[in-house]
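Going by numbering that gives the first Met the number 0, the sequence shown opens with residue 0, and the numbers climb by one from there. Glycine included, each C-beta is placed from N, C-alpha and C at the ideal position.
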Amino acid sequence: MIDKMYWACGEVLSASAQFAEAPNLPSPDIMKRRIATLLEDMERKATELGIQKRDLDDAKYAIVAFIDEQLFRARWAGRQEWMLEPLQLLYFNENTAGEGFFERLDALERDPARVHVLEVYYLCLALGFQGKYAVRGGDGLGAVTDRIVGILARATPRGDTLSPHDAPADTRGMRARRETPVLVVGGIVVAVAILVAVTLKIALSSATSDATARITTSTQAANAGTKK
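Listed below in structure tokens is the structure:
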């Protein structure tokens with residue numbers, strides 16, 4: 000299920016992870032149309048992959064909050080206009096996603112069956128989302144992230160049952176061999192999540208540049224046509 004969630008959400012995350020640093024962003028109207036297309040693609044993929052609507056809605060909420068924060072940080076002419084009508088207002092009829100993100104995160108932490116959705120929230124945090132912690136300079140956010148890492152590690156199937164043929168005579172050796180897979184596999188899951196976050200960020204360099212170039216070119220062409 001985690002792989003399915005990555006597949007559904009990966010493109011929109013990779014396309015928005017560096018909006019805050021992207022040069023020459025187009026007008027808010029164009030940005031909203033482009034982002035709407037990405038979100039629609041995400042929903043289509045999620046439906047095709049059998050992801051439940053509840054899970055999709057929570058994942059979408061996190062991504063919308065992340066996109067808004069990226070654009071709040073961006074140095075572009077449309078920043079003030081975006082702040083007056085952010086995506087969270089359009090999609091969720093609220094303007095408090097900085098707090099709502101962590102409220103939903105808390106609920107997900109208490110629901111082991113939805114760890115695949117928790118992964119999306121973790122990726123948003125790994126890619127720089129701060130939400131309500133931004134006013135404190137991120138103070139306290141590290142503890143939240145560490146807690147999620149622990150949950151993701153514990154959520155990994157233990158697989159610590161040994162075959163009778165592998166059981167060593169030494170009790171201490173048996174204990175070490177039983178515990179090691181849990182730690183190793185749990186660490187692998189967290190490492191994969193971090194790797195995905197880093198990969199998304201790297202992928203954005205070309206993806207966003209290409210998308211921004213297309214948007215900028217179309218905007219310039221439209222302006223040139225108007226001047227004529």
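Tyr60 sits away from Arg109, with the two beta carbons spaced by 8 Å or more. With fewer than 16 other Cβ atoms from the protein chains shown falling within 10 Å of its own Cβ, Leu83 counts as exposed. Residue environment: Lys52 is assigned as exposed (fewer than 16 neighbouring CB atoms within 10 Å of its CB, all protein chains considered).
In the structure shown, Thr95 adopts coil according to DSSP, grouped into three states. Distance from the CA atom of Arg153 to the CA atom of Ile147, rounded to whole angstroms, is 10 Å. Gln129 and Trp75 have their C-alpha atoms some 20 Å from each other.
Here Ala45 is buried, its C-beta having at least 16 other C-beta atoms within 10 Å. Following the DSSP letters along the chain, one finds Glu84 in no alpha helix (DSSP H), marked with neither H nor E. Shortest Cα-Cα distance from Glu68 to any of Met4, Gly141, Leu126 involves Leu126. When Met4, Thr95, Tyr121, Asn92 are compared, the shortest CA-CA separation from Met41 is found for Met4. Rounded to the nearest whole angstrom, the C-alpha separation of His115 and Gln17 is 23 Å. When the alpha-carbon of Ala64 is set against those of Asp2, Asn94, Glu47, Leu37, the nearest one is in Asn94.
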